[in-house]
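Peer 1: In short: position in the sequence shown from 1, add 142, done, that's this note's numbering. C-beta: ideal position from N, C-alpha, C; glycine also. Since the model is a prediction, treat every value here as computed from it, not as a measurement.
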Amino acid sequence: MSRIHEALKRAEQERASTHGCVGEPNVVEPVPNATVTAEDWTAASTAIPTAVGRPFATVAASFASELGLDTLMSHCAPVQWNPDPATMLFFNGNDGVRGAEEFRTLRSRLYHAREKVTLKKVLVTSALPKEGKSFMALNLAQVMAQQHGRRVLLIDADLRRPRLHQMLGTVPNPGLAEYLTGQDDEVTIMQRGPLENLFFVPGGRKIENPAELVANGRLKVLLQRVEPLFDWIIIDSPPAVSMSDAGILAKSCDGVLIVVRSNKTPFDVARKARQEFAAQTLLGVVLNGARDQAAYVR
Ligand SMILES: Nc1ncnc2c1ncn2[C@@H]1O[C@H](COP(=O)(O)OP(=O)(O)OP(=O)(O)O)[C@@H](O)[C@H]1O
Ligand SMILES: [Mg+2]
Numbered sequence: 143m144s145r146i147h148e149a150l151k152r153a154e155q156e157r158a159s160t161h162g163c164v165g166e167p168n169v170v171e172p173v174p175n176a177t178v179t180a181e182d183w184t185a186a187s188t189a190i191p192t193a194v195g196r197p198f199a200t201v202a203a204s205f206a207s208e209l210g211l212d213t214l215m216s217h218c219a220p221v222q223w224n225p226d227p228a229t230m231l232f233f234n235g236n237d238g239v240r241g242a243e244e245f246r247t248l249r250s251r252l253y254h255a256r257e258k259v260t261l262k263k264v265l266v267t268s269a270l271p272k273e274g275k276s277f278m279a280l281n282l283a284q285v286m287a288q289q290h291g292r293r294v295l296l297i298d299a300d301l302r303r304p305r306l307h308q309m310l311g312t313v314p315n316p317g318l319a320e321y322l323t324g325q326d327d328e329v330t331i332m333q334r335g336p337l338e339n340l341f342f343v344p345g346g347r348k349i350e351n352p353a354e355l356v357a358n359g360r361l362k363v364l365l366q367r368v369e370p371l372f373d374w375i376i377i378d379s380p381p382a383v384s385m386s387d388a389g390i391l392a393k394s395c396d397g398v399l400i401v402v403r404s405n406k407t408p409f410d411v412a413r414k415a416r417q418e419f420a421a422q423t424l425l426g427v428v429l430n431g432a433r434d435q436a437a438y439v440r
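Written as structure tokens, this is what we have:
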């Protein structure tokens, strides 16, 4: 049993003995909206944090001093990644690969947005399956980590169909599912690959109740614990339309990037996805799979 799990049990027992019920919500003030221009396929949103039960807040406080960079580096041993170069564009240090310039542009738009709003935790989502969320999250994290001294954490929060570990060519667990169920702590689930500044939390084992797990308050604790150690946290998610997970995840993030697949995503469906995040900072919409010619049409 992990230290976190033990502390969770202790906290739950203490709370049960004094209150006899589950935790109360911990409401935090929303971040103000930021505006978006049409040109900037990038814009801004509002993060209304999710309710956090007391047991997890207690755990976060009790371990707060333990997770420093030294702990992260010493406990998170480098592992072998064998990615598909067609999916992980920059892995071989190839900056001239097709699409690289677009990712660098996206990176600078996000830095630009960061001047206006608090921005570190970015949720990547889309309306439907197979629109390129994981592709986008993976390569965005990688292009962010290419910058000298920028430490990046990529989290696979698609607990229904976790795929990032396959794209990276690594093991799927332990991962987020193990953390959310209280089985493992944050350094145990984190992988450090061969790219110096890129860390990865895979989805973990298959679970039955993904929406309940991402809503149980522990994701917020995880993000609070690891946030000081990273410059960017990029979170991959399931499709937003018809599943609640992405909406729940967005509440723990600073902003949302919506991926739209060129010639595939119906306009109404894209608009519905946008509406799902009406209360969040919309950082922008990424048109994925656009032909070069189409990319220049305004
Ligand atoms: N711009 C792109 N160029 C090349 N391949 C791409 C691009 N976008 C996506 N793909 C490929 O398309 C497939 C689907 O993409 P991806 O898995 O990222 O979609 P997804 O939205 O995350 O799907 P799901 O909803 O199932 O998680 C993957 O094989 C991915 O590598
Ligand atoms: Mg995916």
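(1) Taking three-plus beta-carbon pairs below 8 Å as touching, is the segment 357-366 in contact with the segment 283-292?
(2) Spatial neighbours of Asn315 within its chain, please: C-beta separation below 7 Å, excluding the five flanking residues on both sides.
(3) Would DSSP call Asp298 helix, strand or coil?
(4) With DSSP as the reference, identify every bridge partner of Asn331, one or two as the case may be.
(5) In chain order, what residues place their C-beta within less than 7 Å of a heavy atom belonging to ligand 2?
(6) For Phe342, which residues of its own chain have a beta-carbon under 6 Å away from its beta-carbon, when the five flanking residues on both sides are left out?
(7) Kindly give me the distance between the Cβ atoms of Leu429 and Val402, rounded to whole angstroms, as I take these residues to be in contact under 8 Å.
(8) Output the distance between the C-alpha atoms of Leu280 and Trp223, rounded to the nearest integer angstrom.
(9) Apply the 10 Å Cβ neighbour rule to Leu364 and answer buried if 16 or more other Cβ atoms are within range, or exposed otherwise.
(10) Run the CB neighbour count on Thr267, radius 10 Å, all protein chains shown included, and call it buried at 16 or more, exposed below.
(11) Run through the segment 245-295 for me and flag every whole alpha helix (DSSP H) of 4 or more residues, listed as ranges in chain order.
(12) For ligand 1, is there a heavy atom less than 7 Å away from the beta-carbon of Gly426?
(13) Write down the C-beta distance between Val264 and Gly397 rounded to the nearest angstrom, noting that I regard them as a contact closer than 8 Å.
(14) Assuming contact is defined by CB atoms lying nearer than 8 Å, are Ser379 and Leu391 in contact in what I supplied?
(15) With distances taken between CB atoms, is the gap from Arg293 to Leu209 smaller than 8 Å?
(16) Following a CB-centred definition, is Glu273 positioned closer than 7 Å to any heavy atom of ligand 1?
(17) What separation, rounded to the nearest whole angstrom, lies between the Cα atoms of Arg249 and Asp326?
(18) Out of Asp298, Leu261 and Gly291, which one is the CA nearest neighbour of Lys275?
(19) From what residue to what residue does the alpha helix (DSSP H) around Leu310 run?
(20) Using 10 angstroms around the beta-carbon of Asp226, count the other beta-carbons present and answer buried if the total reaches 16, otherwise exposed.
(21) Would you list the one or two residues that DSSP bridges to Thr407?
(22) Specify the secondary structure class of Thr213 as computed by DSSP and reduced to three states.
Peer 2: So, from the data block:
(1) no
(2) Pro344, Gly346 and Arg347
(3) strand
(4) The residue you asked about is not Asn; residue 331 is Ile in the sequence shown. In DSSP, Ile331 forms no bridge with anything.
(5) Lys275, Ser276, Asp300, Arg303, Arg305 and Asp378
(6) Leu296 and Gln333
(7) 6 Å
(8) 13 Å
(9) buried
(10) buried
(11) 275-287
(12) no
(13) 6 Å
(14) yes
(15) no
(16) yes
(17) 32 Å
(18) Asp298
(19) Leu306 to Leu310
(20) exposed
(21) Paired residues: none, contrary to the question.
(22) helix
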